[in-house]
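In terms of my numbering, the sequence shown is residues 141 to 540. Contents: one structure, followed by commentary.
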Amino acid sequence: MNMCKNVIRYACVLTGLLLVSLAAPTGARIAPPSGSAGAFAAEQAGVDGAATKKNPLFKLAQPWPSADERRLRKKEAEAHPLFSGTDPITVTIAAEFRIINKDHDPKSSKRYPGELKHTRADGRVDTIPVKLSARGHVRRLAQTCDYVPLRVEFSKESLKETVFDGQSTLKLVVQCRDGGAYDQYILREHLAYRILNLLTSRSLRTRLARVTYVDSTTGKVMGTRYAMFLEHDSDVARRMEGRSVELQRVQFKDVDADTLETMMVFAYMIGNTDFSIYALHNVVLVQTPDLVLHTVPYDFDISGLVHPPYAIPMKSLPIKTVDERLYRGPCRTMEQMEPVLANVSAKSAAVMDLLSSISGFNRGVRQETRTFLEGFYSSIGNQGTVKRVFVEKCSKAPAM
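Given below as C-alpha cells:
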C-alpha cells in the first residue's frame, strides 16, 4: 500500500515537470527512490529552463508496449545468436588502436572507424564495419591498463545472418595488459557472469571471444587476446519484459526483494563490493510493467573471484583485500535468507561444472578459483556463519 501511494506521488510530480514536453500516460508511474519527491524530481529532471540533453526520466513517461509486443521483444532478445551460444568466437578487429588505447579521458566520446571480421565455424568470414570508442573508469586509466575497454557500434544493415544479428551497440571487455595472468582475469570475470546466469535469468549475458587486434594504419597485428562481449542493458530488460531506467538514490525498500537478495548473496559469493544501488554504480535498474524495480549488476573485476592487481576495496569498508567477503545487503531474518541460500546451494554442482567446462584456465587458477568458491559454500552451509553474516552483522543502512 505504501509503495502504491509513493508511486502515485512521484508520478504526479514527474508529470507536472514533464507535461510541457510529454503527455504522461497513466502507466508512466515509477517505483520511487526515497526522499523529497519535489526536490528529487526537480533535481533529476533538471528543470531550470535549460535542459542540455534528453533526460533519462523522460522514458518513465512513455506508455508501455502491449503485452503481445513485450512478449515478442522478449523472444527476439532471447534468440540473439551472439548470446545463444557459449563457445568462444573468433574475431579480428582493425582500427587505429595506437590512438584508441591512448584515449584515457573519461569525458572523451570520440568514435573511431574500424572493421570487425568474425570467422565462422565453417571458415567463412563476415566483415562488418564498426565504430569504436573507449569507455569505462578504472580500467580506462593509463596506470591501470594498457588497453582501454571498448564500445563497439554496429550498422544493423551489415549484421543480417551474422552472429551479431540484432545488435546495435555492445561493450567489449578487453584484456587489461599482456601476459598469461591477464587472460586468466578475463576468464574469471566471464565465469562470474555465467555463475549469475545460473542463479537468475535477471542477469546480463556474455560471449567470450579470441580477438586479434590489427592496427589499421600499419596493418600490423598487435596481438590476440581474450575478450568478452557484454549484453546490452536494453536486451536484458526486454528479456524481463521491462525497460532499463536510470534512477539514482534508490533504496533497498524500493526494489524487488527476491532479485535484490540474489544479487547481494552473489556479490558476497564472489567477493564483490564495487557497486551501488543508490549511486547506480555497476547496476542496471529494470522496471517491469507492474512498476517494480529489479537490480542487475555488472563489472565484476574488482572482486575476490577475479582479483587483478588493481582490485582494492574502498577505504570506507571494513575489509583490507577483495579476498575478504563482505555482505553489503539489507538485514534479513534467518527465515528470509533460507530460500535464496537454498537456491544458491542447489546450484553448487552446476557452478563447479561450469568452472570445469570453461577452457583456457590454467591448472593453478582453476584450482584457486574452485577453492575460493568452496569457501563460500562452506560458509553458507554453516548456520552460525549465516546468522552472523546476514543477520547480526548486516548493514543497517537503508541503501548502499
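Where is the CB? At the ideal position from N, CA and C, for every residue including glycine. Note that the structure is a prediction, hence the values are computed from the model and not measured.
Please list the terminal residues of the continuous alpha helix (DSSP H) segment that includes residue i.
{"i": "V491", "result": "S488 to S497"}
{"i": "S384", "result": "First-last for S384: R383 to V385, but that is the beta strand (DSSP E), not the alpha helix (DSSP H)."}
{"i": "H330", "result": "G320 to L339"}
{"i": "L212", "result": "A207 to A219"}
{"i": "G504", "result": "R503 to I520"}
{"i": "D373", "result": "D373 to R379"}
{"i": "V526", "result": "Q523 to V526"}
When burial is assigned at 16 or more other CB atoms within 10 Å of the CB, is residue i buried or exposed?
{"i": "Q202", "result": "exposed"}
{"i": "E209", "result": "exposed"}
{"i": "E464", "result": "exposed"}
{"i": "Q523", "result": "exposed"}
{"i": "K311", "result": "buried"}
{"i": "D430", "result": "exposed"}
{"i": "V313", "result": "buried"}
{"i": "I268", "result": "buried"}
{"i": "L159", "result": "Residue confidence for L159 is low, a pLDDT of 37 falling below 50, so the modelled location carries little weight and cannot support an answer."}
{"i": "E401", "result": "buried"}
{"i": "V265", "result": "exposed"}
{"i": "Q507", "result": "exposed"}
{"i": "A217", "result": "buried"}
{"i": "P538", "result": "exposed"}
{"i": "S479", "result": "It is worth fixing the name first, because residue 479 is Pro in this sequence and not Ser. Under this definition P479 is an exposed residue."}
{"i": "T525", "result": "exposed"}
{"i": "P246", "result": "exposed"}
{"i": "M403", "result": "buried"}
{"i": "M454", "result": "exposed"}
{"i": "L212", "result": "exposed"}
{"i": "A190", "result": "Note that A190 has pLDDT 35, beneath the 50 cutoff, so the model's placement of it is unreliable and no number is given."}
{"i": "P165", "result": "With a pLDDT of 36 at P165, under the threshold of 50, the predicted position of this residue should be treated as unreliable, though the coordinate-derived value follows. P165 is exposed by the Cβ-count criterion."}
{"i": "G276", "result": "buried"}
{"i": "A219", "result": "exposed"}
{"i": "D493", "result": "exposed"}
{"i": "R238", "result": "exposed"}
{"i": "L319", "result": "Rather than Leu, the amino acid found at residue 319 in this sequence is Gly. Exposed: under 16 other Cβ atoms inside 10 Å."}
Kindly give me the distance between the Cβ atoms of residue i and residue j, rounded to whole angstroms, as I take these residues to be in contact under 8 Å.
{"i": "E564", "j": "V446", "result": "Nothing can be reported for residue 564: it is not among the residues displayed for the chain, which extend from 141 to 540."}
{"i": "F440", "j": "N412", "result": "6 Å"}
{"i": "A261", "j": "I240", "result": "Incorrect: roughly 29 Å between the Cβ atoms, too far for contact."}
{"i": "V423", "j": "V436", "result": "7 Å"}
{"i": "V586", "j": "K199", "result": "The chain is shown from 141 up to 540; residue 586 falls before or after that span and cannot be answered."}
{"i": "R365", "j": "D323", "result": "6 Å"}
{"i": "A234", "j": "G263", "result": "Not quite, the Cβ-Cβ distance comes to about 19 Å (not below 8 Å), so this is no contact."}
{"i": "I326", "j": "A367", "result": "7 Å"}
{"i": "V278", "j": "Y450", "result": "6 Å"}
{"i": "R317", "j": "D286", "result": "5 Å"}
{"i": "L256", "j": "V231", "result": "6 Å"}
{"i": "F415", "j": "M477", "result": "Between M477 and F415 the Cβ distance is about 20 Å, and since that is not below 8 Å, they are no contact."}
{"i": "I498", "j": "L331", "result": "6 Å"}
{"i": "V270", "j": "V303", "result": "Wrong, their Cβ atoms sit about 14 Å apart, outside the cutoff."}
{"i": "V462", "j": "I520", "result": "No, V462 and I520 are not in contact; Cβ-Cβ is about 19 Å, not under 8 Å."}
{"i": "L387", "j": "L425", "result": "6 Å"}
Grab the span of the beta strand (DSSP E) containing residue i for me, first residue to last.
{"i": "F369", "result": "V361 to L370"}
{"i": "I459", "result": "Here I459 belongs to no beta strand (DSSP E), and DSSP marks it neither H nor E."}
{"i": "R347", "result": "T346 to D355"}
{"i": "V231", "result": "I229 to A235"}
{"i": "L200", "result": "Where L200 is concerned, there is no enclosing beta strand (DSSP E), given that its DSSP letter is neither H nor E."}
With 8 Å set as the bound, which would you pick, yes or no: does the beta-carbon of residue i sit closer than that to a beta-carbon of chain C?
{"i": "S224", "result": "Given the protein chain composition of this structure (a single chain), no chain C is represented."}
Going along the chain, which unbroken runs of the beta strand (DSSP E) with 3 or more residues stay wholly within the stretch 242–315? 252–259, 265–274, 290–294 and 309–314
Would you be able to state if there are at least three C-beta pairs under 8 Å between the stretch 354–364 and the stretch 333–343? no
Determine, using beta-carbon pairs with one atom in the stretch 426–434 and one in the stretch 377–390, whether at least three such pairs fall under 8 Å. yes
Between the stretch 343–352 and the stretch 222–242, can you find at least three pairs of beta-carbon atoms closer than 8 Å? yes
Between the stretch 289–302 and the stretch 348–355, do three or more beta carbon pairs fall short of 8 Å? no
Is it true that the stretch 451–471 meets the stretch 526–537, where meeting means three or more beta-carbon pairs spaced less than 8 Å apart? yes
Check whether the stretch 482–495 touches the stretch 513–521, taking contact to mean three or more Cβ pairs, one atom from each stretch, closer than 8 Å. yes
Hey, which unbroken runs of the beta strand (DSSP E) at 3 residues or more fall wholly within the stretch 405–466? 423–427 and 433–437
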